[in-house]
Structure formats: structure tokens, C-alpha cells
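A short write-up of the structure that comes next.
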Amino acid sequence: MDFAFDNSFHDSMEGFYAPAEAAKPSSPTLLAFNHALAARLGIAVGDTGDDELARIFSGQDLPEGANPLAFAYAGHQFGHFSSQLGDGRALLIGEVVAPDGARFDLQLKGSGPTAFSRNGDGRAAIGPVLREFLVSEAMAAMGVPTTRALAAVATGDRVQRERAHPGAVLTRVASSHIRVGTFQFFAAHFGAEHVAQLSAYSIRRHFPDLAEAANPPLALLDRVIGLQCELVAHWLGIGFIHGVMNTDNVAISGETIDYGPCAFMDRFAINTVFSSIDANGRYAYGRQPQIMHWNMARFAEALLPAIHAVEPAGVDTAKAMVEAIPKRFSAAWVVTMRRKLGLLEAGEGDEVLIDALFDELEKRQIDFTGFFRGLAMMLRGDGAMLEGLSEDPEAMAPWIADWWARLAQETDAPLERADAMDAVNPVYIPRNHRVEAALASAEAGDMAPWLELLEVVRNPFVERAEWAGFAEPAPADAGPYTTFCGT
Ligand code: AMP
Ligand code: MG
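Sequential numbering of the sequence shown, starting at 13, is according to my numbering.
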């Protein structure tokens, strides 16, 4: 099996990483392999057997041309700065350039200790590995920028957490692993020159159109803010809660990264928190825009020395850019919501209509995902689904009348509008109770429920009769749901 590695970070960014070596698993077994993604990356799998795939994607066999390394980074975790984090349980094997010219990192996650492991074991348990695989593939299918999952391999070793679990390694594919925390690391330890070097690399790799900007690090800040506004609007639009939006978990590419305690909400509640370690709700559903703003302020701080070095006045521009984030986010959010509601043009009062909807959804405890599909059904003349989502369907009638009146300002045919809504509003998300059941089976050795759920969430927008159960929220008596970081 050949990889056309072209390891630009390794070759041009010495000092920004530590060389790393994967631990040898005792008996690697392939759990899942993403053939479609391999094809997209231009990796010729050919007739490579499962055993060979398992050896490569567990770190047992190092492919030719690989330069394994662990990235250095820092980060604000729950608001507190750690100057020394870095890849403690992951290593980059190398970069591949896809046939269309796009460059991707291939990273093993859970492949043993690195120079940055501190007290950690560098390992990952099968549950979190399969969870990241499933959720990141669901996000990709829903059109949300995200890292991807290429392979999951059971190592045959046990990983000790609150109890012992089977160990596994995830192969993560990202357009890069450069994080806000990467910039913070070099700002904290080295200063302007290193930050400028990282900025220049990031621009070459992700945003070549910014290379000629008058102040490149400032242009980078602007671009990354724009991408983060869009990303978080996307998240909110599908009820996604990242759960641990620390600055080390924010990729400058604008991809969702580091799926840990993330989850989707069923019934709408703005303060929803699933993560066991987020006792104060810092990363609750509705706080994500504010936290994104806060994280971008930290990004700006890290870039300031490099921005200043180009032109001192750039610092004021950066400050204004950060202050403008709430407005910029709102604009992205309204666009997302208009699409969800079948509105094609910007209308006055849309923000009010949207805010009122969220009040109603919360009051009536309505299933967030189901609601938007129900609205489209109503446009097709079938109100039954929408009625079935609420104990008191009449209560939503005034809001629906307002929405209806708003639709009437546009000329589109209802059926076309309903189809456009269905193309952005998923039927199938990774429902928490389904994910848990699939992971429990997988840990017990039966991959079938996980594989079925993967197939479902990879096809989120087209309803299928045989998948009806996958569209349903957790039973009302299921109790609160809690997620854990415990990779
Ligand atoms: P996270 O909160 O998952 O984004 O991880 C925060 C930091 O802890 C990163 O630097 C990780 O590399 C590190 N880390 C998390 N789990 C482990 C582990 N099992 N072994 C070593 N480092 C870890
Ligand atoms: Mg992380």
C-alpha cells in the first residue's frame, strides 16, 4: 500500500514538533475502514487485506515516507491557560496530497505516549474511538466542516480508565492540525518571529490568497474568525454541542476537531450540557457563540506580536475585528436559520422570528431535529408529524402562523421550499441513546449495531421507512444523558 507523503510541516517547521514513535499494539484488528475517504485522499488501497490495514493504522507498521511527529501546542482549558499541552496521545504519520491538490494530515490517535504525554498513557479506549469515527462521519455527511475518520483498529491491549477497556487507535484525517493553541504555544514560549513563521505556514497551506495581504497575520485572524462564525452557526443549526471548546480544540482550518464529550440534543433546551466535566455549563449549547468569541480573542492575542511587527496600527484593527465578532456571528446564524426555515431571501424581522422560535421550542420541549422536518411536511400538507412532537400542538400555532406569513412574502412554490428545507435539515443525527447502545455492543465484540448506525448517519437527509426508529428521540424516561472525555 502506497502513500504519496509530502510532509511539509515536518520538512519546513522544525522546532514546532517533537519526533514520535507509535507503540506496538499486541494484536491489531481492523474495526472499520473508510474506503470512500481513502479514495477521496488518493490512497490506493487496492487489494490490501484487513490485517495489513490494521497493522498500518495502528502504528504497527510504519509506511514508507512517514515522518511521525507530535505537535506542540498550548491552550486555555475551561478558561485557564496551560502553556504545555501538545499531542499527548496522537502522532502525525504524514501529509498526503489528494488528486485534487488538497493536502491532509493523517494522524493516529491513541498510539502511545509522546514527548507531550505528561502523566497520560497516550492510549485511547474503543468507545471514544468509535464515537469520534461515527460523529465525525455524521458531521461530514451533514455538510459541517470536520476532521474525518479513516480507520479504527483494536489494539488487543487493555486501557485503564475508571475500569479496563479494550484499546483502539483512530486514524484521523484533517486539513491540518494547527490549532489556536499552536499559536498560543509559540507566542508564550518564543514570540513574534515564531508566530509569524506559523502564520506564514498556515496561510500557505490553508489560505494562499492571503499571502499578498498587507498584514498577513491580521488577514489570517480575519479569515479564521469568519470560518469560526460559520462553524458555530452550523453546530447550532443541527443541535450539536462540542462540549470542550478549549483553545487547543479549535482548528484554524475551521473544521470541527477533537470529538470528546460532544453530543446532539434531542428536546430543545438552550442550556443543554452533556459533558461530565463541564459542571458550570461553560460549553453549553447556547454559550457556544460567546465561547467562540472568547477563543478568537485568545487567537488575536497570540497573533498580536506578529501583527504588530508588520505594522503597529494592525493591533487596533485586530481589536476592532474581535469586537465585531457577535455581529458577524449573528449574520452567519441568520443565514443558517433562514435555510432551515425555507426562507430564500433576507427579510426584516427574521431575527425576531428566529428568537421567538427558540423560545417556543424550549417552552414546549420539542425535539429539535424532528421539528424542522415536521415543518417541511406541513408545507406538503401533512401536519401530523409536527403535531406528534408536542403534548400541546395548538400552542405552537401562533408562531407557525407568523412563519407562514413570512413565507408568503416570497414567491417560491411550497413543494420546492419543502425540498430545500429537507436538504439542510437532517432526519438522522447520532441520537445519544443509539450511540451508547452501539458503543456498548462494539465493546462487547459485536460491531453490527455500530455499522448500521454509521450507515444511517451517513445518509442524514433522505428518509427511509426501515430507519424510522433512528429518527426518534430517546424515550422520555431515559433520564439525563452524560458524556465523558475519557479517551
Ligand atoms: P483534550 O481535552 O482531549 O483535548 O486533551 C487535552 C490534552 O491532554 C492534550 O494535550 C492531549 O494530548 C492530552 N491527553 C488527553 N488524554 C491523554 C492520554 N490518555 N495520554 C496522554 N495525553 C493525553
Ligand atoms: Mg484536544
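Each residue gets a CB set at the ideal place from its N, CA and C atoms; glycine is no exception.
For residue i, the first and last residue of its enclosing beta strand (DSSP E)
| i | result |
| --- | --- |
| F482 | Segment: none, F482 is in no beta strand (DSSP E) and carries neither H nor E. |
| P317 | Note, P317: premise wrong, no beta strand (DSSP E); alpha helix (DSSP H) at Q300 to V322. |
| V171 | R160 to Q172 |
| E107 | A102 to V109 |
| S94 | H92 to S94 |
| Q196 | First-last for Q196: V192 to H201, but that is the alpha helix (DSSP H), not the beta strand (DSSP E). |
| P31 | Y29 to P31 |
| G87 | G87 to Q89 |
| H445 | From DSSP, H445 is part of no beta strand (DSSP E) but of the alpha helix (DSSP H) over N444 to E455. |
| R184 | A176 to A186 |
| F45 | T41 to F45 |
Contacts around residue i, its chain only, beta-carbon distance under 6 angstroms, and the 5 residues preceding and following it disregarded
| i | result |
| --- | --- |
| A150 | P442 and V469 |
| R184 | Q119, K121 and T159 |
| H218 | S265 |
| F252 | F276 |
| D85 | What sits at residue 85 in the sequence shown is Tyr, not Asp. Contacts found: L97, G98, R191, G193, T194, F197 and D260. |
| P125 | G134 |
| V244 | Q300, P301 and M304 |
| A388 | A430, M433 and D434 |
Which listed residue (the options) has its alpha carbon closest to that of residue i
| i | options | result |
| --- | --- | --- |
| A180 | A225, W479, G98 and G457 | G457 |
| A281 | K331, P492 and S39 | P492 |
| D234 | G124, M333 and D221 | M333 |
| F482 | D328, T268 and E464 | E464 |
| E335 | I237, A413 and L451 | I237 |
| P80 | S287, A488, A127 and N46 | A127 |
| P301 | C274, D62 and K339 | K339 |
| R7 | R351, N471 and I412 | Because the chain is modelled from 13 through 499, residue 7 falls outside the range shown and cannot be assessed. |
| A153 | I250, S402 and D367 | I250 |
| P220 | W415, A321, S402 and R115 | R115 |
| K36 | P157, Q89, V108 and V165 | V165 |
| G87 | A314, N46 and E76 | A314 |
| L146 | A407, A44, S95 and L53 | A44 |
| R385 | D362, A409, A432 and A161 | A432 |
| F28 | H206, L353 and G361 | H206 |
| L230 | I68, E107 and D328 | D328 |
Proximal residues to residue i (C-beta, below 8 angstroms), its chain only, five neighbours per side dropped
| i | result |
| --- | --- |
| M25 | Q209, L210 and Y213 |
| A136 | R101, K121, G122, V171, G179, A180, V181, L182 and T499 |
| A435 | F473 |
| A296 | I253, I282, N283, T284, V285 and D290 |
| L373 | F280, F380 and F383 |
| Q240 | V262, G266, M304, N307 and M308 |
| Q540 | Coverage of the chain is limited to positions 13 through 499, which leaves residue 540 absent and any answer about it impossible. |
| V347 | A245 |
| A110 | R52, L53, G54 and F116 |
Terminal residues of the alpha helix (DSSP H) in which residue i lies
| i | result |
| --- | --- |
| R418 | A409 to L419 |
| K339 | I337 to K352 |
| P119 | Reading the sequence as shown, one finds Gln at residue 119 and not Pro. Looking at the DSSP string, Q119 is not in any alpha helix (DSSP H); the run it does join, the beta strand (DSSP E), is R115 to K121. |
| P461 | A460 to V469 |
| H22 | S20 to S24 |
| R67 | D62 to I68 |
| R385 | F380 to L391 |
| L373 | D362 to R376 |
| F145 | I138 to A153 |
| L81 | Run containing L81: none in the alpha helix (DSSP H); it sits in the beta strand (DSSP E), L81 to F83. |
| M13 | Element bounds for M13: n/a, residue is neither H nor E. |
| A425 | Unbroken run through A425: none, as it is neither H nor E. |
| E399 | A396 to G400 |
Test: residue i CB closer than 7 angstroms to a CB of chain B
| i | result |
| --- | --- |
| R217 | No chain B is present in this structure, which holds just one protein chain. |
Beta-carbon separation (whole angstroms), residue i vs residue j, contact threshold 8 angstroms
| i | j | result |
| --- | --- | --- |
| T381 | P438 | 6 angstroms |
| A330 | A312 | 5 angstroms |
| P31 | S70 | Incorrect: roughly 19 angstroms between the Cβ atoms, too far for contact. |
| N292 | V262 | The Cβ separation is near 20 angstroms, so there is no contact. |
| L427 | R392 | 7 angstroms |
| S287 | T495 | 5 angstroms |
| Q89 | N258 | 4 angstroms |
| A186 | D117 | 5 angstroms |
| D62 | L42 | 4 angstroms |
Other residues of its chain near residue i: CB distance less than 7 angstroms, five sequence neighbours each side excluded
| i | result |
| --- | --- |
| I215 | L222, A223, P228 and L232 |
| G359 | R418 and Q421 |
| H445 | A486 and A490 |
| G139 | H177, L451 and E455 |
| L466 | L146 and E149 |
| E64 | M13 |
| E323 | N227 |
| L365 | D414, W415 and R418 |
| S402 | R376, I378 and M408 |
(request) Give, in chain order, every unbroken run of the alpha helix (DSSP H) that is at least 4 residues long and sits entirely within the stretch 216 to 282. (result) 228 to 249
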